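Numbering (mature numbering (1 follows the signal peptide of the UniProt record, and there is no 0)) for the sequence shown: -19 to -1, 1 to 490.
Cβ atoms here follow ideal geometry from the backbone N, Cα and C, with glycine treated the same way.
Since this is a predicted model, take the numbers as computed values, not measurements.
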Amino acid sequence: MNLILVCLSFSLIFPISHCALQKPPPLPILPIPTASQVQWQLSSMALFFHFGTNTFTDSEWGTGRVDPSVFNPTRLNTTQWVQVAKDSGFNRVILTAKHHDGFCLWPSEYTEYSVKSTSWRNGSGDVVKELSLAAKEAGVDLGLYLSPWDRHEGCYGKTLEYNEFYLGQMTELLTRYGEIKEVWLDGAKGEGEKDMEYFFDSWFSLIHQHQPGAIIFSDAGPDTRWIGDEAGVAGSTCWSLFNRSSAQIGNTDPIYSQGGDPSGHDWVPAECDVSIRPGWFWHASEVPKSAIKLLDIYYKSVGRNCLLLLNVPPNSSGLISDEDIQVLKEFSELRRSIFSDNLAGNAILNASSTRGSIGDSRFDPYNIFKEGIYTYWAPEENVSDWALHLNLQESVSFNVLQVQEPIYMGQRIMAFHLEVLNEDGDWRMVINGTTVGYQRLLHFPNVESQHLKFVIDKSRADPLISYLGIYMDQFSIVNSAFHRSSPANINSSQVLWQAIHNHSTTASI
Ligand code: FUL
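In structure tokens:
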């Protein structure tokens, strides 16, 4: 009786019908990323700069016994490095502040093995400082790699002493150079080298205390994980969900790292590191990969829910080499030309269902054509078929599908496929996939149709789609011909010219 009275007086005081109240967004499904992890993921790509004494000695893993005076980059210009990154679509750069040889690119108080023992800038130079200033000026995020394995440092192998030494150096890096957005460390170590324990938990806590916004990379997170190979290739199923306790830094299972873990309790998205050249450091004899190869890596990293960390090593004069810049230009031209026009952008959409009331734009299917992940289509609750029908209004040829999930709501989709309506009026499957995450790109033989059906077959919770695009990639098709006949020095206009004049046949569906 009392309850009825309360309801009655409520509706008299607030005469708005119940239907006019907005349906709230669905619950996120755990685990979900931190704000810094979302920001990190939005950047999609970062450039890695391997630079140090190895650059001058034609080596990869320096012994730690090389005279520091070999380090003499007479034309060092970090503004050029950052400009190259920016011009090529990378807004994050990571520098090897110290690689395994122990040589420090900044004047550390804890060792003489650094730039201060060189004649470069009369011993008063600081590469980390120069890069941090250039990055800040350009609005590019900065990350630093501090190798745990140190082949120079005498106390390496003495557990307490070395952990103190490492944290001392880390603190210098995190307190002298402004905002550091990523800290990169690994478990790499040569056979037969001194054994020792690293106090990772203390390191990670201290890093986050000094730089709360920094993403920590290692084989096992905590914030981003190594993908498990150095080819820049993620698993075709790639979860950001992961169990950190199932991975050991320096001894990971590549299959687990490449795929992540659909039952994982931690949000640890993957970073795919790969070098533009065969080595990580610059060697006069090496040439960069082609832009087409980089595009292939892009599909297999950024297109599989990961961040691509592309190493472009500055040369011994202290500059990024012209041939690397040329390839980066071509790579960005390829991406621009493929992805700048969503061929589904004018489609008439029909969703299997939509959350909320009619006219509630927050869950509207047309949100899938708004760039980015901050809007999405949500289906009604408690339904089991989830599909989006696209009428493109005219027949369109395409061979790439792009799908994005609003990852701040958790990674949900477990299986999906795309169908097109063929000339006989039958629906035929074009491609299927498993995970989506921040971004999924799938490349397949050309298809042509006016009607598309994107179906989500399996999901951990109501699937949410924040973006869907279709594109025509005319470049990857000529991939093999390029690799056979052409070195990396074909320029972008040649790449585009070849692509345009190599019309491929359209697969009949
Ligand atoms: C590895 C290192 O051993 C390589 O030299 C390189 O720095 C690569 C990115 O990580 O662990």
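**Prompt:** For the candidate residues Gly340, Tyr279, Ile319 and Ile273, whose alpha-carbon lies nearest to that of Gln307?
**Reply:** Ile273
**Prompt:** Can Lys4 and Arg393 be called in contact, C-beta distance under 8 Å?
**Reply:** no
**Message:** Quick test of the definition: if touching needs 3 or more C-beta pairs under 8 Å, does the region 434 to 445 touch the region 392 to 412?
**Reply:** yes
**Request:** Tell me, please, whether the region 221 to 234 touches the region 196 to 206 by the rule of three or more beta-carbon pairs shorter than 8 Å.
**Result:** yes
**CA-to-CA distance, Cys85 to Ala78, given in whole angstroms** = 6 Å
**Prompt:** ligand 1 heavy atoms versus the CB of Ala16: any closer than 7 Å?
**Reply:** It does not: the Cβ of Ala16 is nowhere closer than 7 Å to a heavy atom of ligand 1.
**Message:** According to DSSP, simplified to helix, strand and coil, what is Gln307?
**Reply:** In the displayed model, Gln307 falls within a helix according to three-state DSSP.
**Request:** Look up Lys139 in the DSSP assignment and say whether it is helix, strand or coil.
**Result:** When DSSP states are grouped into helix, strand and coil, Lys139 belongs to the coil group.
**Prompt:** Nearest-angstrom Cα distance between Asp182 and Ile446?
**Reply:** 36 Å
**Where residue 528 falls: helix, strand or coil (DSSP)** = The structure shown does not extend to residue 528, since the chain is modelled only from -19 to 490, so the question has no answer here.
**Prompt:** If you draw a straight line from the alpha carbon of Thr205 to that of Tyr419, how long is it in whole angstroms?
**Reply:** 14 Å
**Distance between beta carbons of Leu423 and Leu382, contact taken as under 8 Å** = 5 Å
**Request:** For the beta strand (DSSP E) containing Gly70, list its first residue and its last residue.
**Result:** Premise fails: Gly70 is in no beta strand (DSSP E) and is neither H nor E.
**Asked** Is it right to say Gly135 is buried, meaning 16 or more other beta carbons lie within 10 angstroms of its own, or is it exposed?
**Response** exposed
**Request:** Measuring alpha carbon to alpha carbon, tell me which of Leu222, Glu252, Ser100 and Asp107 ends up nearest Leu166.
**Result:** Glu252
**Asked** Quick one: what does DSSP say Glu211 is sitting in, helix, strand or coil?
**Response** coil
**Request:** Check Asn35 in the structure and name its three-state DSSP category.
**Result:** helix
**Prompt:** For Asn413, which option in Asp405, Val401, Ile196 and Gly406 has the closest C-alpha, if you only look at C-alpha atoms?
**Reply:** Val401
**Prompt:** To the nearest whole angstrom, what separates the beta carbons of Pro250 and Cys287, a pair I think is in contact under 8 Å?
**Reply:** 7 Å
**Request:** Leaving out five residues on either side along the sequence, give the residues of the same chain with a beta carbon under 6 Å from the beta carbon of Val410.
**Result:** First, the residue type needs correcting, since residue 410 is Met and not Val in the sequence shown. His398 and Glu400.
**Message:** Rounded to whole angstroms, what is the Cα-Cα separation between Ala169 and Glu404?
**Reply:** 56 Å
**Asked** For the region 175 to 220, which segments carrying the alpha helix (DSSP H) assignment without a break, of at least 4 residues, lie completely within its bounds, in sequence order?
**Response** 181 to 191
**Request:** Use the C-beta contact count for residue 495: other C-beta atoms within 10 angstroms, 16 or more gives buried, fewer gives exposed.
**Result:** The structure shown does not extend to residue 495, since the chain is modelled only from -19 to 490, so the question has no answer here.
**His264: CB within 7 Å of a non-hydrogen atom of ligand 1** = no
**Secondary structure of Asp322, DSSP reduced to three states** = coil
**Request:** Grab the span of the beta strand (DSSP E) containing Gln385 for me, first residue to last.
**Result:** First-last of the beta strand (DSSP E) with Gln385: Trp367 to Gln385.
**Message:** Under DSSP, the beta strand (DSSP E) around Tyr452 begins and ends at which residues?
**Reply:** Tyr448 to Tyr452
**Asked** Which runs of the alpha helix (DSSP H) spanning at least 4 residues fall entirely within the region 226 to 281, listed in chain order?
**Response** 235 to 240 and 272 to 281
**Item:** Option in Leu276, Glu362, Glu314 and Val268 with minimal Cα separation from Val293
**Value:** Val268
**Request:** Please list, in chain order, all residues of the same chain as Gly391 whose beta carbon is under 8 Å from its beta carbon, the five residues on each side excluded.
**Result:** Excluding sequence neighbours, Gly391 sits near Pro9, Ile10, Leu11, Pro12, Ile13, Arg441 and Ala442.
**Prompt:** For the putative contact between Ser238 and Ile257, defined by C-beta atoms under 8 Å, what is the C-beta separation to the nearest angstrom?
**Reply:** With a Cβ gap of about 22 Å, Ser238 and Ile257 do not count as contacting.
**Message:** I'd like the span of the beta strand (DSSP E) that includes Ser328, first residue to last.
**Reply:** With the sequence shown as reference, residue 328 is identified as Ala, and Ser is not the correct amino acid for it. Counting along the chain, Ala328 falls outside any beta strand (DSSP E), and DSSP gives it neither H nor E.
**Item:** Sequence-distant residues of the same chain with beta carbon closer than 6 Å to Thr59, five excluded per side
**Value:** Glu111, Leu112 and Ala115
**Per-residue burial, Ile(-4) [other beta carbons within 10 Å of its own, 16 or more giving buried]** = Its pLDDT being 47, under 50, Ile(-4) is placed unreliably in this model, and the value from its coordinates should be taken loosely. Flag for Ile(-4) reads exposed.
**Buried versus exposed, by CB contacts within 10 Å (16 or more), Gln22** = buried
**Request:** Indicate whether the contact test is met: 3 or more Cβ pairs, each with one atom in the region 136 to 151 and one in the region 88 to 95, closer than 8 Å.
**Result:** yes
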